[in-house]
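So the sequence shown is residues 310 to 469, counted in the numbering used here.
For every residue, glycine included, the Cβ atom is placed at its ideal position computed from N, Cα and C.
Just so we're clear, the structure is a prediction, and the values are computed from it rather than from any experiment.
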Amino acid sequence: MKKRHNTRRPRGSASSSRTKRKKLTDKLYLVAIAAAVVVGVVGWLQWFDDDHDQHGDVGSALTVPAFTAEAEAGQALFEENCVTCHGQNATGSDQGPPLVHRIYEPNHHGDLSFRLAARQGVRAHHWKFGNMPPVEGVSDEDVIKITRYVRELQKANGIF
Ligand code: HEC
């Protein structure tokens with residue numbers, strides 16, 4: 310009698326393993342819910358980023374066109390005065406936004422806004438890099454050339 314009893318699974322243990330299984334299922338549900346929340350939040354952040362900052366960003370897939378003479382002069386001036394913040398080929402850096410970007414297309418930021426930016430600086434409004442200080446030592450003629458360079462890059466990359 311005693312032996313047979315021992316070979317059987319005691320009732321208590323069977324039900325406790327059922328409880329364990331239930332607890333495990335609960336845990337899996339929690340993990341699934343947590344995962345869904347994470348995916349949702351990440352997706353939302355990406356959408357947010359996309360809509361407000363990154364949209365139209367050409368980044369590393371940039372096309373560099375054959376520049377006109379004016380744009381080539383502008384490139385040299387850009388690399389002297391703007392590249393630390395606006396990055397190689399105006400694709401942005403950790404200190405400033407890309408200018409080869411949809412928000413800087415001619416209808417949104419006309420050529421005058423480039424001259425004003427260099428002369429007066431820019432109060433941060435589109436990005437989170439902080440203010441752009443006025444750039445010393447560049448003339449309006451210099452900025453016109455720089456603008457030409459940026460426009461040719463924008464054009465080659467389908468910004469306008
Ligand atoms: C010290 C870093 C820095 C330098 C150097 C710099 N910029 Fe900027 N620039 C910025 C930042 C940051 C912004 C974005 C401000 C914002 O909208 O949040 C900006 C914005 C701009 C804008 C947009 C203006 C607007 O009306 O929104 C233009 C155009 C521009 N820069 C042109 C230039 C040119 C041309 C040069 C070189 C002559 C230059 N920048 C040098 C940091 C810099």
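- A straight-line Cα-Cα distance of about 54 Å links VAL444 and LEU339.
- Ranking ALA343, SER422 and ILE412 by CA distance to the CA of ASP449 puts SER422 first.
- Taking the CA atoms as reference points, ALA465 sits about 17 Å from ASP420.
- Secondary structure note for ASP449: its alpha helix (DSSP H) is the uninterrupted segment 449–465.
- In this structure, ASN390 lies away from LEU371, with their beta-carbon atoms at least 7 Å apart.
- Fully enclosed alpha helix (DSSP H) runs of no fewer than 4 residues occupy 420–429 of the stretch 403–438, in order along the chain.
- Proximity of the beta carbon of PRO406 to the ligand HEC is indicated: a heavy atom of the ligand is located closer than 6 Å.
- Distances from the alpha-carbon of THR456 to those of HIS434, GLN404, GLY467 and ALA427 put ALA427 closest.
- Following the DSSP letters along the chain, one finds GLN384 inside the alpha helix (DSSP H) bounded by residues 378–390.
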